[in-house]
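Student: In our numbering, the protein residues as written are 0 to 507.
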């Protein structure tokens, strides 16, 4: 928790440097520190990799902007530190590379518009990015060195060394951008298909203006499997409860800053803060997970309003800080899991009744839990960057709604010894359900999922070894084995008389 809170340090230092006033830095830092989005979306449920990456990214931004303000050796030292922090962020969080795309586009825009742009600070960051793509296993596996932002980086470095006039740059840069985009499309959808999940989701979200279609057949599985929390957009209520007055005042301040920028009333090193705020507002509306970026950039826009030096504005911002503080302490209590967790029974059974080398087949979100708390090998996990994992997940989710023989064939091919069935595999049909993304809203009674839920006694290749109201564990039998029927107790959720299959789109 201490490390994740370090983002406030570069925020304060950068506010102080840009505004030239220490009190502005304190006001912006105070607004940031009491905004619920800093805590509730990420830190409250449990720490994630981005908790460690955000402070590193923000220190990288601070030193990058400082490199433009300093001269000579001080500028190079700041640029070096910026690159070093970015390298560490790449090591901490694989999605840092998508921030880097936004960053490189900013550099490209500046190079397109500014005649005497000092590109040396960017050289340091591009060099550290290349180093990260070579040395860091996650980035190396994802072929980061040939990704879209890296292709743009190479192009910008080469073009800047040619010392072209501004007019020639404006002719050349769009061509470079187009070529990089074509190469990236080939890499993302053919050579490194793991990229297609991210780029495909972004394209489809833009196509549908961020609103998920009601009919799942309109979108491929690759998009639907990603279009889930936290990659959904926030509701108006969520925006107000998580960002509160910071969002409202930040947008007003951003409009004011854009106006000043159009009048050339701002220094160059203030432009990155305006750019990032302008980019992350629409991105946040598409992906709620990006609130960690937006909540850091908005205080810079709020502080812009203080330049009017009017008491009413000071009072308004102070009221906003107080309001966000009230929101922070009135957030609903959040816990890692429910008070009565049926998963605990599953974990206990697996730990005490299976061999240490028995592979467990689960849905991909549950895989890490089983691995962590039972120390058993798993077949599926949610790290889509791993080679081949997405194909295996897709095959599993579709096989679940085929007949028993097809699902059994999948289990045998992947050497599964046990299968963990969840009731939502059959009963859930919402936009984040497996049935939704596999286009199985209508289902046959012959499907394996139906038998796992309502008719386990009819299964020929699986036997029930554990059952509770949320989960069942099935042993995967060898070809010559016959199932032993277990009386796992009666639970209403598995009774067709009380839970009519027709109500869940299941028919003969």
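From the three backbone atoms N, C-alpha and C, an ideal C-beta is built for every residue, glycine too.
Which partner residues does residue 465 have in the DSSP bridge list?
Tutor: Looking at the DSSP assignment, residue 465 forms a beta bridge with 472.
Student: Using 8 Å as the threshold, is the segment 349–358 in touch with the segment 63–70, meaning 3 or more CB pairs across them?
Tutor: No, they do not touch.
Student: Helix or strand or just coil, what does DSSP make of residue 261?
Tutor: Reduced to three states, the DSSP call for residue 261 is helix.
Student: Is residue 30 near the ligand SAH - that is, is its Cβ less than 7 Å away from at least one heavy atom of it?
Tutor: Ligands displayed in this structure: none; no statement on the ligand SAH is therefore possible.
Student: Taking the alpha-carbon positions, what's the residue 250 to residue 316 distance?
Tutor: Looking at the two C-alpha atoms, the distance is approximately 13 Å.
Student: If you draw a straight line from the alpha carbon of residue 179 to that of residue 147, how long is it in whole angstroms?
Tutor: In a straight line, the C-alpha of residue 179 is about 6 Å away from that of residue 147.
Student: Secondary structure at residue 42, three-state DSSP: helix, strand or coil?
Tutor: Since pLDDT at residue 42 reaches only 49, below the 50 mark, its modelled position is unreliable, and the value read off the structure follows with that caveat. It is coil, neither helix nor strand.
Student: Within the continuous beta strand (DSSP E) that includes residue 343, where are the two ends?
Tutor: Not the beta strand (DSSP E): residue 343 falls in the alpha helix (DSSP H), residues 342–352.
Student: Please report the straight-line C-alpha distance between residue 42 and residue 33, rounded to a whole angstrom.
Tutor: Note that residue 42 has pLDDT 49, beneath the 50 cutoff, so the model's placement of it is unreliable and the number below is only indicative. Rounded to the nearest angstrom, the two C-alpha atoms are 14 Å apart.
Student: Using only alpha-carbon positions, find the residue among 269, 243, 242 that is nearest to residue 255.
Tutor: If we check each option's Cα against that of residue 255, 269 comes out closest.
Student: By Cβ distance below 7 Å, which residues in the same chain neighbour residue 59 in space, the five residues on each side in sequence not counted?
Tutor: 81, 84, 85, 88, listed in sequence order.
Student: Return the residue from the list 38, 505, 19 that minimises the CA-CA distance to residue 559.
Tutor: An answer regarding residue 559 cannot be provided, because it is not within the stretch 0 to 507 covered by the chain.
Student: Would you mind reading off the limits of the alpha helix (DSSP H) that contains residue 96?
Tutor: First-last of the alpha helix (DSSP H) with residue 96: 95–112.
Student: Considering only their Cβ atoms, is the gap separating residue 286 from residue 230 smaller than 8 Å?
Tutor: Yes; because the gap between Cβ atoms is below 8 Å, this pair is in contact.
Student: Just tell me which of 212, 301, 182, 391 has its CA closest to the CA of residue 253.
Tutor: The option with the nearest alpha carbon to residue 253 is 301.
Student: Rounded to whole angstroms, what's the CA-CA distance from residue 276 to residue 101? Just pull it up for me.
Tutor: Cα to Cα, residue 276 sits roughly 11 Å from residue 101.
Student: For residue 49, does the three-state DSSP call read helix, strand or coil?
Tutor: In the structure shown, residue 49 sits in a helix (DSSP, three-state: H, G or I).
Student: Hey, quick one: how far does the beta strand (DSSP E) through residue 421 stretch, first residue to last?
Tutor: That run of the beta strand (DSSP E) goes 417–421.
Student: Between 74, 53, 116, which has its C-alpha nearest residue 98's C-alpha?
Tutor: Nearest of 74, 53, 116 to residue 98, Cα basis: 53.
Student: On the premise that residue 23 lies in contact with residue 305, defined as a C-beta separation below 8 Å, what is that separation, rounded to the nearest angstrom?
Tutor: With 8 Å as the limit, residue 305 and residue 23 qualify as a contact, their Cβ atoms being about 6 Å apart.
Student: Residue ranges of each alpha helix (DSSP H) run of no fewer than 4 residues wholly in the segment 363–427, ordered along the chain?
Tutor: Here the runs fully enclosed are 366–373, 388–398, 403–412, 423–426.
Student: For residue 5, I'd like the list of residues in its chain whose CB is within less than 7 Å of its CB, leaving aside the five on either flank, ordered along the chain.
Tutor: 54, listed in sequence order.
Student: Do residue 121 and residue 155 have their CB atoms nearer than 8 Å?
Tutor: Yes, Cβ-Cβ distance for residue 121 and residue 155 is below 8 Å.
Student: On the CB-based measure, 16 or more other CB atoms within 10 Å of its CB, does residue 234 come out buried or exposed?
Tutor: With fewer than 16 Cβ atoms within 10 Å of its Cβ, residue 234 is classed as exposed.
Student: Going by the beta-carbon positions, is the gap between residue 274 and residue 105 smaller than 8 Å?
Tutor: Contact: yes.
Student: Would the segment 411–421 count as touching the segment 359–366 if we require 3 or more Cβ pairs under 8 Å?
Tutor: Taking 8 Å as the limit for Cβ pairs, the verdict is that the segment 359–366 does touch the segment 411–421.
Student: Please state whether DSSP places residue 4 in a helix, a strand or coil.
Tutor: Helix.
Student: Pick out whichever of 314, 67, 376, 219 has its Cα sitting closest to the Cα of residue 266.
Tutor: Ranking the options by Cα distance to residue 266, first place goes to 67.
Student: Out of curiosity, what's the CA-to-CA distance linking residue 165 and residue 152?
Tutor: Spanning the two alpha carbons is a distance of roughly 18 Å.
Student: Do residue 504 and residue 428 have their beta-carbon atoms positioned less than 8 Å apart in this structure?
Tutor: Yes, the Cβ-Cβ distance between residue 428 and residue 504 is below 8 Å.
Student: With respect to the alpha helix (DSSP H) encompassing residue 302, which residues constitute its N-terminal and C-terminal limits?
Tutor: Looking at the DSSP string, the run of the alpha helix (DSSP H) that includes residue 302 is 290–303.
Student: I need the boundaries of the alpha helix (DSSP H) containing residue 30, first residue and last residue.
Tutor: Unbroken alpha helix (DSSP H) run through residue 30: 21–32.
Student: Roughly how many whole angstroms lie between the Cα atoms of residue 408 and residue 398?
Tutor: Residue 408 and residue 398: Cα-Cα distance of roughly 9 Å.
Student: Note down the Cα distance separating residue 294 from residue 394, rounded to an integer number of angstroms.
Tutor: Rounded to the nearest angstrom, the two C-alpha atoms are 39 Å apart.
Student: What's the gap between the Cα of residue 44 and the Cα of residue 171?
Tutor: For residue 44, the pLDDT reaches just 49, beneath the cut-off of 50, and the residue's location in the model is therefore unreliable, although a value from the coordinates is still provided. If I take the Cα positions, the gap works out to 47 Å.
Student: Suppose the cutoff is 8 Å on Cβ atoms and the five residues either side in sequence are ignored; what does the same chain contact list for residue 169 look like?
Tutor: These residues qualify, in order along the chain: 111.
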